[in-house]
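Under this note's numbering, the letters of the sequence shown match residues 211 to 383, in that order. Presented below is the structure to which this report refers.
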Amino acid sequence: MRKKVCDVCFAILILLFAVPAVLLFVPELFGIRPMVVLSGSMEPAYPVGSVVYVKPCDASCVREGDVISFYLSKDTVVTHRVVAKDEENRCFYTKGDANDQQDEGFVTYEALIGRAAARIPLLGYAVVMIKTAAGKGALLTVAAAVILARILNSNFLRNDEEGRREAQENRTR
Numbered sequence: 211m212r213k214k215v216c217d218v219c220f221a222i223l224i225l226l227f228a229v230p231a232v233l234l235f236v237p238e239l240f241g242i243r244p245m246v247v248l249s250g251s252m253e254p255a256y257p258v259g260s261v262v263y264v265k266p267c268d269a270s271c272v273r274e275g276d277v278i279s280f281y282l283s284k285d286t287v288v289t290h291r292v293v294a295k296d297e298e299n300r301c302f303y304t305k306g307d308a309n310d311q312q313d314e315g316f317v318t319y320e321a322l323i324g325r326a327a328a329r330i331p332l333l334g335y336a337v338v339m340i341k342t343a344a345g346k347g348a349l350l351t352v353a354a355a356v357i358l359a360r361i362l363n364s365n366f367l368r369n370d371e372e373g374r375r376e377a378q379e380n381r382t383r
């Protein structure tokens, strides 16, 4: 029973590491950038806590109605819907789906990161938690505890098995 519980915990731990790793790092191998939705400006299509996968594209490929990610400043990325495209001035006008007003100003073609290709709700909460010191500490502690339990459990099972064999041998003598 103890072995089964330990095996299940180990499998869950592997999933907790593997699934987010696959969902966050594998797309980057193909140039797709995962981004966490931190505000409700694009709800309900992109709820807070979602991960949006942004595929780089040329500004010429962007159409009115597309959801794009762009640099608002050096440190700030925004994901909003294109409401108009001005090819002459090489810019987009955007708006968050949940916002009443169009965004102030415009987005230059140079500020474009790419177009939203997919999203996974709630995954962003895990990403944000893992990025904190407390989240990393908790994840490492749980991982270490499960690995230690697995090692100890293997040793106990080996000792139990040896003890049973020894007892069996004593009974047969």
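A virtual CB, placed ideally from N, CA and C, is assigned to each residue, including glycine. It should be emphasised that the depicted structure is a prediction, and the values quoted were computed from it without experimental measurement.
Asked                                                                                                                                                                                                     : Found
Report back the beta-carbon spacing between A308 and E238 to the nearest angstrom; my notes put them in contact at under 8 Å.                                                                             : About 28 Å; that fails the 8 Å criterion.
Any chance you could list the alpha helix (DSSP H) runs of at least 4 consecutive residues sitting entirely within the segment 291-350, in chain order?                                                   : 333-341
Assuming F280 is part of the beta strand (DSSP E), what are its boundary residues?                                                                                                                        : 277-281
Taking only three categories from DSSP, how would you classify K284?                                                                                                                                      : coil
Let's test the definition: count the other Cβ atoms within 10 Å of the Cβ of V278 and tell me whether it reaches 16, buried, or not, exposed.                                                             : The sequence as given places Ile at residue 278; Val does not occur at that position. Burial call: buried.
Going by DSSP, what residue range makes up the beta strand (DSSP E) through V264?                                                                                                                         : 261-265
Looking at C301 and T318, is the spacing between their C-beta atoms short of 7 Å?                                                                                                                         : yes
Using 8 Å as the cut-off, can you tell me whether the segment 329-340 makes contact with the segment 288-299, which would need three or more C-beta pairs spanning the two stretches below that distance? : no
Nearest-angstrom Cα distance between V338 and V246?                                                                                                                                                       : 8 Å
Is it right to say C216 is buried, meaning 16 or more other beta carbons lie within 10 angstroms of its own, or is it exposed?                                                                            : buried
Determine whether the beta carbon atoms of S283 and R329 lie at a separation below 7 Å.                                                                                                                   : no
From which residue to which residue does the beta strand (DSSP E) around M245 run?                                                                                                                        : 243-246
Leaving out five residues before and five after I340 in sequence, what residues of the same chain have Cβ atoms less than 8 Å from its Cβ?                                                                : P230, K346, L349
Beta-carbon within less than 7 Å of V356's beta-carbon, same chain only, minus the 5 sequence neighbours each way: which residues are those?                                                              : C219, F220, L223
Note down the Cα distance separating V232 from A255, rounded to an integer number of angstroms.                                                                                                           : 23 Å
So is V293 buried or exposed if we call it buried at 16+ other beta carbons inside 10 Å?                                                                                                                  : exposed
Nearest by alpha-carbon distance to S249: which of T342, V288, Y263, C271 is it?                                                                                                                          : V288
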